[in-house]
Amino acid sequence: MVREEYDNPMAQNVRDVPGLCVSQCRLIEEASRLTVSAGEIWDLGRIIVTGCGDSYAAGLAMKPAIEVLTGLPVEVISAVDLARYTPSELLTRQKGTPLVLAVSNSGKVARLGEAIERAGNYGCLTVAVTGSRESRLARVSKKVVELSIPEFVSGNGVRSYLVSMLALLIIAIRIGEVKGRYTMEASQSIRDEICVYAEEFRNIMPDLDEQMFRAAEKYASKELFDFIGSGGNTGTAWFSQAKIIEATGEWATYSDTEGWMHLNCFFKHLSRKLTVQYASAKGPELSRSKELMTAISEMKMDFCVITDSRDLVLPEGTERIWIPGCQKDWMWPLLNYLPVSLLAGYLCELKGEAYGRGCRDSWKVCGTTKLLTESRIEIL
Amino acid sequence: MIKEFRFSTKKDDVFCLTGYVEEAIKESQIQEGMCMVHIPHTTAGLCLTSKWDETDFGDIKGELRRIVPTRVDFCHQFDTPEDAAGHIKSVLTGCTLPVLIKDGKALLGSSQGIYFLEFDGPRNRMCYVKAFAC
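Protein chains in written order, with our numbering: chain A, 28 to 407; chain B, 28 to 161.
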């Protein structure tokens, strides 16, 4: 089959991501630099990242990075938990003010607005990271970092996911810099490193595109997709399962490396399943990742490893999907979601599916944004 | 000719420039005149101070920190609090230092050395030295 005949919006979005990363790096830095003052930064006690769907995954993906850069404890709490379940006493000032970073490109998601309004009422410093300053999220937040993502063909959030992660990362770099954890030169080096990483991805994109199309051909009959990643790669695994569900409607799941051995290893119908593991050669869990690879190999199922290592010895029959790595392992999730985004887009075409089932028939109710934006607001 | 020197500093370093200045004067072959030392930085300063006891440097840095503590409420928020404090320390110490030349050498007291005061760091820094005959 010829790849070009199966080109699709998700793949087009993926190809645009490296360039977007470089341009947004500077724009977000400019937009966010003075959002939180030095005094406010020095008063922070911890950071909560919240969001729904892909934005929540962006928080998971950047959690280790934010922790390393800021030196502050970081929690990623879903919007519904923050809005309705997190005890109010945990939102009040305790050894410093909690900073709540809320990510939503549209800013219209009701539950996130509700969560932020509540957190702000209890004293949190709330910052909306959103593409719309007029949105409800921006209006109920104490501060706003306005994203400016150039228009592009809609591609299941592949580009906005990058920008969400990048915004969190750049805000974290600034917090660490103001706290004196590293010099401004070092901050710039980190931002430069992000751009180098993106350029390396741009260089391998044609080969990666072809490899993922061939993978899609090979795995087109699969009905269950199982993604494994730990640390920031937990966010990547979350996002990967989301793209498969949206693009193909097939069953997909995610877990961390340890969790997989506790639970997901018990899935049946192994011949109908594709398992994908994220394994960074510099990651602190590499030894555990290798144990997992051996176990998965013994179970005799189709298995791909997405890695930044060409030397990592993989069990026989395992497909290696090589992508660039980073000096700083916590930066890897920023772009390592791209191979599966390509895979999802091509699988959608090969299976004759429509994104979100075309929001027709039984899925008609999912097609209205009212489900997300017009939910009853309760400030607890 | 303006002589340029490049060097690397550590955080809050006190870096000796005496050798660089003497080298520039020697190369100029000027016997009597003046030498201007200049640093193109806003978070660093220059001073003439005692070279014998390095604990002096700790006292100088300590007093500068006492006069200009790093605070979070500086008007200058674009960079870091440390940077804003560094700007003020730089203004207080100055970025230009004149040194007299006599008999083809820097006219320094037996205890004096020429020092670069780093108010940030680690950084890559530079200084310019120009000798004039007069």
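Beta carbons are placed, not taken as given, at the ideal position from N, Cα and C, and that holds for glycine.
Closer than 8 Å to chain B by CB, residue i
i: E204 of chain A; result: yes
i: R60 of chain A; result: yes
i: E212 of chain A; result: yes
i: A199 of chain A; result: no
i: A65 of chain A; result: yes
i: G394 of chain A; result: no
For residue i, three-class secondary structure by DSSP
i: E346 of chain A; result: strand
i: Q304 of chain A; result: strand
i: N40 of chain A; result: helix
i: L155 of chain A; result: In the sequence under discussion, the amino acid at residue 155 of chain A is Ala, which differs from the Leu named in the question. Correct three-state label for A155 of chain A: strand.
i: S382 of chain A; result: In the sequence under discussion, the amino acid at residue 382 of chain A is Tyr, which differs from the Ser named in the question. Helix.
i: L196 of chain A; result: helix
i: T62 of chain A; result: coil
i: P114 of chain A; result: coil
i: R152 of chain B; result: strand
i: K417 of chain A; result: Absent from the structure is residue 417 of chain A, since the part of chain A shown begins at 28 and ends at 407.
i: Y142 of chain B; result: strand
i: E94 of chain A; result: helix
i: Q340 of chain A; result: For clarity, residue 340 of chain A is Val in the given sequence; the question names Gln instead. Of the three classes helix, strand and coil, the one that applies to V340 of chain A here is coil, per DSSP.
i: T210 of chain A; result: coil
i: F294 of chain A; result: coil
i: C331 of chain A; result: strand
i: S368 of chain A; result: helix
i: T124 of chain A; result: strand
i: R403 of chain A; result: coil
i: G113 of chain B; result: helix
i: L47 of chain A; result: helix
i: L71 of chain A; result: strand
Beta-carbon proximity list for residue i, same chain, < 6 Å, skipping 5 on both sides
i: E102 of chain A; result: I75
i: Q58 of chain B; result: G131
i: D329 of chain A; result: L301
i: Q304 of chain A; result: I255 and V332
i: G113 of chain B; result: T70, F146 and D147
i: I406 of chain A; result: E144 and R145
i: L297 of chain A; result: M328
i: D56 of chain A; result: Strictly speaking, residue 56 of chain A in this sequence is Glu, with Asp absent from that position. The answer, listed in chain order, is I197.
Interface partners of residue i on chain A, CB under 9 Å
i: R93 of chain B; result: What R93 of chain B touches in chain A: nothing, since even the nearest Cβ is about 18 Å away.
Interface partners of residue i on chain A, CB under 8 Å
i: D100 of chain B; result: A65 and G66
i: R150 of chain B; result: T210 and E212
i: Q104 of chain B; result: L61, S64 and A65
Contacts of residue i in chain B (Cβ-Cβ under 8 Å)
i: G207 of chain A; result: T97, T107, P108 and E109
Chain B contact residues for residue i, given Cβ-Cβ distances below 7 Å
i: W69 of chain A; result: V99
Residue-chain proximity (residue i, chain A), Cβ-Cβ < 8 Å
i: D147 of chain B; result: yes
Sequence-distant residues of the same chain with beta carbon closer than 8 Å to residue i, five excluded per side
i: E226 of chain A; result: P45 and V49
i: V154 of chain A; result: T62, V63, L126, V127, L128, A129, S168, K169, K170, V171, V172 and I198
i: G383 of chain A; result: E273, W390, C393 and G394
i: P311 of chain A; result: G258 and D356
Below-8 Å beta-carbon distance, residue i vs any chain D residue
i: L164 of chain A; result: Checking the listed chains, one finds no chain D in this structure; the protein chains it contains are A and B.
Same chain only: Cβ atoms within 7 Å of residue i, ignoring 5 sequence neighbours per side
i: W79 of chain B; result: S138
i: P91 of chain A; result: G258, G259 and W357
i: E90 of chain B; result: none
i: F294 of chain A; result: L251, D253 and K300
- Where in the stretch 240 to 280 of chain A do unbroken runs of the alpha helix (DSSP H), each at least 4 residues long, occur, reported from the N-terminal end onward? 260 to 275
- Query: Mind pulling the beta strand (DSSP E) runs of 3 or more residues that sit fully within the stretch 42 to 106 of chain B?
  - Reply: 60 to 65 and 71 to 77
- Query: Hey, which unbroken runs of the alpha helix (DSSP H) at 4 residues or more fall wholly within the stretch 160 to 187 of chain A?
  - Reply: 163 to 167
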